Amino acid sequence: MTAPKPGTVSADTGQPLTIAEAIAAELRLRGTPERAAKEKAYLKSPLDHCGVSVPETRSIVTAQLRSVEGGAGAGVSRDFAVAVAEALWETPIHELRSAAVMVLITAKDHLGGDDAPLIERFLRESRTWALVDPLAGDLVGPLTEVTADFDPVLERWAVDKDFWLRRSALLAHLRPLRAGGGDFDRFSRFADVMLQEREFFIRKAIGWVLRDTAKKRPDLVFEWLLPRARRASGVTIREAIRPLSPEQQAAIRAADRSD
18 MTAPKPGTVS
28 ADTGQPLTIA
38 EAIAAELRLR
48 GTPERAAKEK
58 AYLKSPLDHC
68 GVSVPETRSI
78 VTAQLRSVEG
88 GAGAGVSRDF
98 AVAVAEALWE
108 TPIHELRSAA
118 VMVLITAKDH
128 LGGDDAPLIE
138 RFLRESRTWA
148 LVDPLAGDLV
158 GPLTEVTADF
168 DPVLERWAVD
178 KDFWLRRSAL
188 LAHLRPLRAG
198 GGDFDRFSRF
208 ADVMLQEREF
218 FIRKAIGWVL
228 RDTAKKRPDL
238 VFEWLLPRAR
248 RASGVTIREA
258 IRPLSPEQQA
268 AIRAADRSD
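Here it is, written out as structure tokens:
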């Protein structure tokens, strides 16, 4: 085995806990009590908080992964990334769990359908959009584009009793649809069933995905939403119609008010 370069950790030497501990130590060092209290209140979080911003957390994660031979997570194995993420996640501190999500996202090219149970566990334990949304949108979304293994997973999440899983089934479509690809038929099928839910985070997610889809395909969103305007919530409609033409917006608002 080639010795690691000075200042690096080899992913082959079984050191994921070293990286996890370094990330955790840096987060604790950089946090402030004032920011921690403010963010805990804003997120209504049951977790402890260090008081470190998302960009700063990402910078810490990136720097530590660069210390692994291969650099920035590109050369980190699936097992190494999962071990780091699990070690960070087990401590009930928000920023450590956010860092765990970032590790998985960075290493997403090494993940696949076999990792769905781990991702689902993280989603169920998240209980906040601040962790659910990057897991669903930035991790699961890209994975659905490279493997069909997540197809049955999303079908199951879409009817789960946990609204965070239902939200995840919707947001997994966000990035592919935003880019002009994705499976709009599947998203629209999920959204149609959830359209009259009273849960704010479901209503918002439907509108968010429709809005980003409409940036490239406004007519597709207009034609889907118009006959459903009376069933959709105000939150969903306000989000969805932002990229539409004034005429399309007016037609949907009129349909929403019609008897």
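In this note's numbering, the protein residues as written are 18 to 276.
Backbone N, C-alpha and C fix where the C-beta goes; we use that ideal spot for every residue, glycine too.
Fair warning: this is a prediction, and the values are worked out from it, not measured in the lab.
For the pair residue 188 and residue 229, the CB atoms are not nearer than the 8 Å cut-off. Burial is judged here by how many other beta carbons sit within 10 angstroms of a residue's own beta carbon; residue 132 has at least 16 and is buried. It is roughly 13 Å from the alpha-carbon of residue 211 to the alpha-carbon of residue 203. For residue 244, the closest of 158, 273, 222 by C-alpha to C-alpha distance is 273. Boundaries of the alpha helix (DSSP H) harbouring residue 180: 180-188, taken from the DSSP string.
At least 8 Å separates the beta-carbon of residue 40 from that of residue 135.
According to the DSSP assignment, residue 167 belongs to no alpha helix (DSSP H), since it is labelled neither H nor E.
With a 10 Å radius around the Cβ and a threshold of 16 neighbouring Cβ atoms, residue 231 comes out buried.
The alpha-carbon of residue 119 is positioned some 43 Å away from that of residue 271. If you compare the alpha carbons of 236, 149, 213 with that of residue 116, the shortest gap goes to 149. Looking from the CA of residue 123, the closest CA among 213, 269, 78, 165 belongs to 78. Closest in C-alpha terms to residue 130, from the list 158, 108, 55, 264, comes 158. The Cβ neighbour count for residue 125, taken over all protein chains shown within 10 Å, is at least 16; the residue is labelled buried.
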